[in-house]
Amino acid sequence: MWQEFFRFDLRYQLRQPLLWVLTLPLMAAAFLTAGSSSFRLGGGIGNVHLNAPVVVANQLGVLSMIAMFLVAVFIAGAVLRDSDAGIADLLYATPMRKRDYLGGRFMAGYAACLLVFVLVVLAMVLGSATSGADPERLGPVSAAPYLWSFAVFIVPNLLFVAALLMLLAVAARSMLMVYVGVLGFFVLWAMAGLLASRPSGAVVAALLDPFGVRALSQATRYYSGAEMNTRLPAMSGLLLINRLLWSALALALLAGTIRLFKPQRAGTAARWNGRFARMVRGLAPQAPAASTASASASASSSAARAPWRPVTPRFGAVAAWWQFWALLRLDAAGVLRSVPFLVMLLLALANFVVNVSVGGMRFDSVPYPLTRLMLDELSDGINFVLSIVLLFYSGELVFKDRQAKIADLSEALPAPGWLPLLSKCGALVAVIAVFLGAGVLAAIAMQVVKGGAPLEPLLYLQGSLLNAGYFVLLAMALLAIQVLVNHKFIGYALSILLVWLDPLLGALGLEHRLYRYAALPQLVYSDLNGYGGFVAGWLWFALYWALFAAALLIVAQALQQPARAAGWRLRWSRAAGRLRGVGGWALAASLAGFAVTGGWIYYNTNVLNRYQSSAELLDDRAAYEKLYRQYQGLPQPGITAIKADVAIYPAQRRLAMRGSYRLTNRGTTPIDTLRLQTDTAAATSFPNLPPYSAIVDDRRFGVKAIKLKTALAPGAALDLAFVVDVRHDGFTNSGKPDGLNLNGTYFTIENYFPRLGYNPSLEIEDRGERRLRGLGEPHGMPDLDDPRARYSNYWKQWGIDADFVDFDTTVSTSADQTAIAPGTLQRSWERDGRRYFHYRMERPVLPFFSFQSGRWQVRKEQADGVAIEVDYDARHAWNIDSMTAGARQALQYYAAQFGPYPDRQLRIVEFPLYQQYARSFPGLVPFSESLGFISDLRDPEGVDHVFYVTAHEVAHQWWGDQVIAANVQGSGMLTESLAEYSALMVMERQFGADKVRHILRFDLDAYLSGRGKELGEERPLYRSENQAYIEYRKGSLVFYRLRDEIGEAALNRALKAFLDRHRYRSTPYATSRDLLAFIRAETPAGKQQLITDLFERIVLYDNRMVAADARRRADGRWDVTLKLRLAKLEADGKGRETQRAYDEPVEVAVYAGGSTRRELYRGKHQLRAGEATVTVTVDQLPAEAALDPRQLLIDRNLADNRKPVQLTAD
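For the sequence shown, position 171 matches number 171 in this note's numbering, and the numbering has no gaps at all.
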C-alpha cells in the first residue's frame, strides 16, 4: 500500500505552488554563488576556482543546511496535513500498516526534496557556464564534482533531515514545534562547531556535523590552491566516518518514528506539551474532573449571590486604548507563555553560554568577561534565534484567529481597525524585550561565575536598546508582509528573503544604508572611547527606517483582508476608505518624515562626507594607478628631517597640524618637479612653496605636482611647509570610527601626513579585480636581486620614501588627556586650558611615527637603565605585569645576544579596539585594548600570549629599527620572522619548551591553512612579499628548527654579525640574501642543503608512523620497533608538489606511560623516503612512540605521527 501513498503524495507535492516558491530562491542562490565572486556560499577565494571541486561540495553542503525549512514543509507537512484537514480520524480508522502510511509519505517528500536539489545542481552548473565572472576564476565545468557531491552530501543530508523532521512531527503533532526543532538543531549544530576553535575539539566537531561540511573542511584544511582546483577528498578517515554515522542515524530515526507513531489525533505529544508548559510557567496541574465539578458548583453559587451591577459601554479614544492594552496582554501572553517560545529562548541562552565559554580564543585563552564583550556575545548567541522567533510569530499572530476559527467574531468586535495590528506589533516588541532582558540576566550571571570583570548595568541598558532597534524595525516589516501577502507560508518565504536582502544587496554593490531596510550602522563600543559620538548617526538612520516601517504598517492595515472576503479589488476599495481622515494623514506624515529624514541623511553622508561604495573605491584606486604609476620612477628628494606641531581636539574629533619636511636631493641630477601626495580625508595646503608652476592639482586623488622655477641641485635641500586640517562634520554612512577619538586618539604618519611621489599601497592587489578594470597582474615587490631597489627601504611600499630622519614634534591636547609620540619628552606645559608635550628623537630614525592622546594610568619600571612605561585604561590593569615582564625579559635577552637597546625609554600605550594589533615605533609600542590588556591569563596551563606579543614588538626595536630591510622581496623575513624567532627564545627561557611548542602548533596550522587562501603565489620565505602566513607563521617554524639544527649560540652569532654589519645602514639596505650569507657561515657543510630547503624552497613533509611494537629482552629491557612511512615534497607557487629525496635525519622518541609520560628515548636516524624501520632499546616499559616528537617539521598531519606501543610475545 505504500506505493499508493507515495504516488498520491508525490503528485500532491509537485502540484503545490509553495514547492516552486521555495525552490526558486534556492536555485537563485545556487546560480549566483556558482558564478559570482561577490556572492559566495562557501569557498572560492584566492587562487581557488569559483567552481573548484571542493568548493562545489562545500556549497551543496551549505545549501542542504539552508533547505531544512523546505524539507520541513514537505516532510512534516505531509504527516500533519490529515490532522489539519480534519480527516485524520477517518484515515486512521482505515486498515493499513504504519510503515506503509509513513513510508509512502516519507518517500514522496524525500523524492520531492531530491528533485529540488537536482534543479539546484543544474542552476549551479548553469551559473558556472554562463556567468559573467572573470574567466580566470573559473575552472573547467565537469559533471564529476556535482555528481560526487550530490551522492556524498545531498542524498545523506536530506535523508537525515527528513527522518529527523518526520520524527519531530510525529512526536509533537505541531508544525510550530517542528520549526522549533529545526531552529534547535541549528543552534546545537552551531554550538558543536565552536569546538573547532579548540585544537583538541576539531575532530569531535567534524564528527558531530550531520551535514558533513566540517568533516569536508577538516579533510581539505591543508589543501593548496592547486589541490582545491583539481582534487576531491578521498572517502576515508573523518569524512567517511561522518557520512556513515549520520546515514545510519537517519535510518534509526526512521525506524524509531514508525515505532513511535500512534494513529490517533490526541497522542502523547499534546499531553507532554501541556505538562512542559505548566512546569515552565509554574502552574499547578489541572484538578481532577470530580473536583472540577465541585468547584464549578461553588463558583455558580458564588455568582448567584453576587449583586447585579449594570455596565455602561464606553467608546472613544480612551476605550480604544484600554482595548489595545487588553489585546496586547492577550497577544503577548499567548506568545511568551507558549512552549515553542520558551524552548527557543532556552536554546538561545544555551548558545550564548557556549559562545562565552569558548569564543574569542587565542592560544587557548579567553578574554575577561567585560560587559562590552558580553553584549557582543549576546548578539552572536541570540540575534539569529530572535530573528527566527520574530519571523515565526509574526505569521502566528496574524493568522491565529483564522486558525482558531474565530476570525469572524474578532472582526465584528467594536474596536478600531488599527488596534489588532498595533497590539500584535506590541506583542513582538515584548518578545524582543524578554529575549534581550533574559540575555542580559544570563550575561550578568556568566560575569559573576567567571569573575574578574566589573558589572556595568548602564552599558547593558544602552547596548540592549541599540540592539533592539533593528529587531523592532524587523518585526514591523514582518507583520506588514504577512498582512499584505495574506498567506502564512508565502509570507514566511518573503520574510526570509527580507532577512537575507541586506547581505545580498551588499554583495551586489548596493551598500548605502538609505536603501537597505533597517541597515543601521554597526556601533562599536570601546572601554576607552565608549560609542565615540557615533550614536547620532545611528539615531537618524533608525528614525528614517522607523518612519518607513510605520508607513508600511499603515498601508498593510488599510489593505488587510477580512477572513471571509477575497480579491484585491475589495481590498483596494476598503483601503481607500480607511485612508480617508486620520489614516491618510498618518501615512502622509510618515512618508513626508521619511523623505525629509532621508534628505538629511544624504546631506550628511554624501555632501558633508564622501560616500563611496566598495566598487567605486576600487575604481578610484584603479584610476589612480592608471594615471600616476607612470611617474613612479621619477626622482624625488628624500625627507631628512620632520618637524610637526600637532594639535588634537578630542571633543571635536579634530586635528590641526603645521609641519615641515627638510627635503634633500640624494641623487646626482637636479630635480625640478615635486610630486606631492596628500590624504583625501584631510584638507592639506603647502604655504611658502618656492617659486613654481603647477602641473597637476588633482583633488580627487590628493595629487599635486609642481615644477620648480629653480631646480634642486644634487645635495641641496629645501624646507617644505604643510598645514593639515582634519574635521568630522555630520556623520558617515558606515558609522565607523577612525583615528581621532574622544578618548584614545591614535594615528600614524601614514594618516594625514603628506608624502612624496607615487603611493603603491593604493594599488589593487586582487587579481580578479585588477583584470576586471584592465590593470593586468599585480606588480608585487621589486625582485630580491634588483640592485636599484636596494637603495630604498621597505617603507616605500606605502609611499614613504625616506632614509633616516631627525624628528621633533610638539603635541597638544585637552587638559584632561596626555599626548604621546616617539622620542624623549623634552618638556610639558599647560596653556589656555590645553596640555603641550614636546618630544624629540635623540638619533636619526626611519620616518615611522605614531601620535596618541588619552586618559591613562601609568606603570613605570626600570630594566638595565631603560625606563619601561605602560599607559593603560584604569579598568584594564589585569595583564600589566605580563607586559612589563615581557618587555624586561626581551630587553635583557636581545641586548645580551644582539646588542644594546638604542633609546632611554620604552613605552607601551593602549589604544581603542578599532585596530586590533600591536605595532612597534622607535621607543614606542601602541597596543590595542582588544589584543592583550583584557586577556584572561588565570589558567596556569594556558599560554601567556600577552608576554609573547610584547616580546615580539620589543624585538622590532632591533629588527626593523636598527636593521632596515630594502624594498625588495624577503623584507618581511628580516622584520617579522626575526621578531618571531626572538620572541620564541624569550618565551622558552621564561616558560619552557612546552609552551613554545603550543605556539608552534598554532603557527603550523596557520601556515598550512593559509596556503589555500593565497591570492597570488606562495613564495619561499626569503622571497616573501608581505605574506603574513609565511613571514610570521612559517618564519617562526623555520627559525626555530634552524636553532635546533645548528644551535642557539651559532644562530645568534649569525644574527648579531648580520646586525653589526647593517645597523643603521642605508644605501644599500639589507636583504634576506645578506642574512642567509651570515647564517650559512655558521652552518656546517653537511647542513647547507637544509638552509636551501628552509629558506629558498617550499618543502613539506608527509611522515607517518605505521606501527610501534615492543618485545622484552632477556636483560629486562625493551626493543621497540617503529615502522615509518616518510615522504618529502617540494611545492611550486601554485601548490603543485613533486617528490624529493629524503636527505636528512628523522627524529623519533619513545615514552613511558602514566601521568608523567617520561621520555625513554629520543634520537635521530638517517633514513630514506618510503617505508623504513627503526629499532631502539629502552630501559622501561614503553607506552607511546612518536615521529618528530618536537614538531620541528612542516608536516600536514601531526595526528598520524604518534602510536601507542603494542607489546608482542617473546
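Where a beta carbon is used, it is the ideal one built from N, C-alpha and C, also for glycine.
query	result
Whole angstroms are fine: how far does the CA of F392 sit from the CA of V79?	20 Å
Compare the Cα-Cα distances from D698 to each of P635, A623 and E1130 and report the closest residue.	A623
List the endpoints of the continuous alpha helix (DSSP H) containing Q612.	Looking at the DSSP string, Q612 is not in any alpha helix (DSSP H), and its letter there is neither H nor E.
Where does W798 fall in DSSP's three states?	helix
Checking the sheet assignment: what are the DSSP bridge partners for A1131?	E1137
Quick check: is any heavy atom of the ligand GDP less than 8 Å from the C-beta of F489?	With respect to the ligand GDP, the structure shown offers nothing to examine, as it has no ligands at all.
Going by DSSP, what residues sit across from W959 in a beta bridge?	V963
What do you get for R275, buried or exposed, if any count of 16 or more other CB atoms within 10 angstroms of its CB means buried?	With a pLDDT of 48 at R275, under the threshold of 50, the modelled position of that residue is not reliable, and the figure given next carries that caveat. By the neighbour-count rule (16 or more Cβ atoms within 10 Å), R275 is not buried but exposed.
Across the region 53-73 and the region 109-127, are there enough close Cβ pairs to call them in contact, namely three or more that are closer than 8 Å?	yes
What are the start and end residues of the beta strand (DSSP E) that includes G1163?	E1159 to Q1166
Quick check on P454: buried or exposed, where buried means 16 or more other Cβ atoms within 10 Å of its Cβ?	exposed
Comparing alpha-carbon positions, which option in Y661, A252 and T818 lies nearest P650?	T818
What are the complete beta strand (DSSP E) segments, minimum 3 residues, inside the region 839-907?	850-854, 857-863 and 866-872
Need the endpoints of the alpha helix (DSSP H) that P53 sits in, please.	P53 to I66
Beta-carbon within less than 6 Å of D1200's beta-carbon, same chain only, minus the 5 sequence neighbours each way: which residues are those?	R1104
Straight-line CA distance for G780 to E765?	8 Å
Under 8 Å, with one C-beta from each stretch per pair, do the region 48-57 and the region 227-245 reach the 3-pair mark?	yes
So, for L501: in the same chain, excluding its five sequence neighbours on each side, which residues have a beta-carbon less than 8 Å away from its beta-carbon?	R516 and Y517
With a threshold of 7 Å on Cβ separation, who are the neighbours of F804 within its own chain once the five nearest residues in sequence on each side are excluded?	P844, V845, L846, Y1064 and S1066
In terms of residues, what are the limits of the beta strand (DSSP E) holding Y649?	G638 to Y649
Do you know whose CA, among Q561, R580, T1177 and G577, lies nearest R571's CA?	Q561
Ignore the nearest five residues each way along the sequence and tell me which others in D1195's own chain have a CB closer than 6 Å to its CB.	Y1101 and N1103
Taking the alpha carbon of T950 as the reference point, which residue from A326, R831, I880 and L253 has its own alpha carbon closest?	I880
In chain order, what residues of the same chain have a beta carbon less than 8 Å from the beta carbon of L712, not counting five sequence neighbours either side?	P637, L663, N665, P670, I671, D672 and L718
Determine the burial state of K424: buried for a count of at least 16 other Cβ atoms within 10 Å of its Cβ, exposed for fewer.	buried
Is it the case that the Cβ atoms of S1036 and G970 are separated by a distance below 9 Å?	no
When DSSP labels each residue in this structure, what does F722 get in the three-state scheme?	strand
Within its chain, find whatever has a CB closer than 6 Å to the CB of V724; leave out the 5 residues flanking it on each side and keep chain order.	M657, A682, T684 and Y752
Which of the three DSSP states is assigned to R658 in this structure?	strand
For a test of the three-state rule: what should DSSP assign to S174, helix, strand or coil?	coil
Mind checking whether L655 and L553 have CB atoms under 9 Å apart?	no
I'd like to check one pair, A519 with F489: are the Cβ atoms closer than 9 Å?	no
Would you please state the rounded distance, in angstroms, between the beta carbons of L720 and S814? I believe it to be under 8 Å.	Contact flag wrong, Cβ pair sits at about 30 Å.
Nearest CA to the CA of R402: which residue from R1157, H487, I868 and G381?	H487
Considering only DSSP beta bridges, list what D1109 is partnered with.	T1121 and Q1206
Within a Cβ cutoff of 6 Å, which residues of the same chain sit near G184, ignoring the five residues on either side of it in sequence?	L347
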